[in-house]
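In short: position in the sequence shown from 1, add 130, done, that's this note's numbering. C-beta atoms are modelled at their ideal positions from N, C-alpha and C, and glycine is treated no differently. One structure is given below, encoded as structure tokens.
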Amino acid sequence: MRSPIRDYLDAVIRDTSDITSGKVSDDIPELARVDPDLVAVSLSTVTGTVYSSGDHEHQFSIQSMSKPFAYAMAIEDHGLDEVLNHVGVEPSGDPFNEFSLDERTAKPRNPMINAGAIATHGLIKSDHAPASDRLMDLYSQLTQRNVEIDESVVASEMAAGDRNLGLAYLLSAAGALHLNPPAAVAGYVRQCAAMMTVDDLALMAATLANGGVQPNTGNRIFSRATTKQVLSVMASCGMYDAAGDWMTSVGIPAKSGVAGGIIGVLPGQIGVAVFSPRLDHHGNSERGSEMMRLLSENLGLHLMTAG
Ligand code: GLN
131 MRSPIRDYLD AVIRDTSDIT SGKVSDDIPE LARVDPDLVA VSLSTVTGTV
181 YSSGDHEHQF SIQSMSKPFA YAMAIEDHGL DEVLNHVGVE PSGDPFNEFS
231 LDERTAKPRN PMINAGAIAT HGLIKSDHAP ASDRLMDLYS QLTQRNVEID
281 ESVVASEMAA GDRNLGLAYL LSAAGALHLN PPAAVAGYVR QCAAMMTVDD
331 LALMAATLAN GGVQPNTGNR IFSRATTKQV LSVMASCGMY DAAGDWMTSV
381 GIPAKSGVAG GIIGVLPGQI GVAVFSPRLD HHGNSERGSE MMRLLSENLG
431 LHLMTAG
């Protein structure tokens, strides 16, 4: 059935069709095989109604959009104070894969860049199951379906993974990693290789918008306090060294992934997800960013706008 919202999302796709700039990621060779013209947008209300347009059934790896959820799990496992002892919350102003540690504290600056995300992965409790298995369970609760890992993406990233391995050794040398470096990277890469559609991601984002309660099942997945922490860090650090530009132009907490997805959250209202594989030099989707900017402008999402 047609709906005005669906028609509007069709228009967002149409109105951004001239954006073909940017480059598909080649950091992970498997990601370079994607059709660069795939495009999708999805929006979920905090009551769990999902509207989407474009290639919304196409699955792609969530990559760094996993980071807010892994951070949430680490906080739920240990409490915020303990996690803050290991990973900071300051924007680094650096690219996502920078060899970045706060020199004064010897901690990664935030959990959204790779250094902080690998340390965060190492914090997740794994006495009963590997952290990446626990994360797949979490994603499945959030999306209400069985989320799986793309093993070809895992293999491809591991084969080209010297930089993340280097980061893990740097963390380990600084006493900031709670797993051995190869195990931390192997787990982190699995966390990133979960396959989802924009509809799945919009529901994940809507759970954050809904204060940590999955809209359809009514299950509380994260506490309100954890959700607030995650959204705050997404707002300040989620778009890496483009976070300031993002906050002024789009104005909602967001997180991008190097496969071309971006999630955004308007607390109390909606979760949105977009997908388009060509990336800007920060590693954020070019067309996806413009789709988000349009959504923000047309739907009045910017958090700093009164009324
Ligand atoms: N798995 C990717 C990496 O570690 C995630 C990066 C990203 O999505 N920005 O390089």
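> Span of the beta strand (DSSP E) holding G394?
Replying inline: In the sequence shown, the residue the question calls residue 394 occupies position 264. That run of the beta strand (DSSP E) goes 391 to 396.
> According to the Cβ coordinates, are D224 and D371 closer than 8 Å?
Replying inline: In the sequence shown, the residue the question calls residue 224 occupies position 94. In the sequence shown, the residue the question calls residue 371 occupies position 241. It is a contact, given that the beta carbons lie within the stated cut-off.
>> On the DSSP bridge list, what partners appear for L253?
In response: By 1-based counting over the sequence shown, the position of residue 253 is 123. None, per the DSSP bridge assignment.
>> Among F352, L210, G391, R417, whose alpha-carbon lies nearest the alpha-carbon of F190?
In response: Here residue 190 corresponds to residue number 60 of the sequence shown, with the count starting at 1. Residue G391 is the option with its Cα nearest to F190.
> From L139, M421, L161, D140, pick the residue whose C-alpha is nearest to that of S439; which is it?
Replying inline: Any answer about residue 439 is impossible in this case: the structure gives the chain only from 131 up to 437.
>> Here's the rule I'm using: 16 or more other beta-carbon atoms within 10 Å means buried, otherwise exposed. How should S121 be labelled?
In response: Residue 121 cannot be examined here, being either before or after the span of the chain that is shown, 131 to 437.
> So, helix, strand or coil for F190, using DSSP?
Replying inline: As a working note, residue 190 is residue 60 in the sequence shown. Residue state, collapsed to three classes: strand.
> Are V404 and M377 close, meaning C-beta to C-beta below 8 Å?
Replying inline: Indexing the sequence shown from 1 puts residue 404 at position 274. Indexing the sequence shown from 1 puts residue 377 at position 247. Taking 8 Å as the Cβ cut-off, V404 and M377 do not qualify as a contacting pair.
> From I135, K385, V277, pick the residue whose C-alpha is nearest to that of M364; which is it?
Replying inline: Along the sequence shown, read from residue 1 onward, the residue named residue 364 stands at position 234. Ranking I135, K385, V277 by Cα distance to M364 puts K385 first.
> Does DSSP put D232 in a helix, in a strand, or in coil?
Replying inline: By one-based count along the sequence shown, residue 232 stands at place 102. Strand at D232.
> With S230 and A335 assumed to form a contact (beta carbons below 8 Å), what rounded beta-carbon distance in angstroms separates them?
Replying inline: The count along the sequence shown starts at 1 and reaches residue 230 at position 100. The count along the sequence shown starts at 1 and reaches residue 335 at position 205. In fact, because the Cβ distance is near 26 Å, the residues do not count as touching under 8 Å.
> How many Å lie between H188 and T327 at the Cα?
Replying inline: Translated into the one-based positions of the sequence shown, residue 188 becomes position 58. Translated into the one-based positions of the sequence shown, residue 327 becomes position 197. Between H188 and T327, the C-alpha separation is close to 6 Å.
>> Following a CB-centred definition, is F226 positioned closer than 7 Å to any heavy atom of the ligand GLN?
In response: What you label residue 226 is simply residue 96 of the sequence shown in a count that begins at 1. It does: the Cβ of F226 is within 7 Å (strictly closer) of some heavy atom of the ligand GLN.
>> For I248, tell me which candidate among D263, G317, D167, L396 has the shortest Cα-Cα distance.
In response: Counting from 1 along the sequence shown, the entry for residue 248 is found at position 118. Selected option, being the one with the closest Cα: G317.
> Ends of the beta strand (DSSP E) at T175?
Replying inline: The count along the sequence shown starts at 1 and reaches residue 175 at position 45. First-last of the beta strand (DSSP E) with T175: 170 to 175.
>> For M377, would you say it is in contact with chain D, using Cβ-to-Cβ distances shorter than 8 Å as the test?
In response: This model lacks chain D altogether; it includes just one protein chain.
> Should the stretch 247 to 261 be called in touch with the stretch 214 to 224, which here means at least 3 C-beta pairs below 8 Å?
Replying inline: yes
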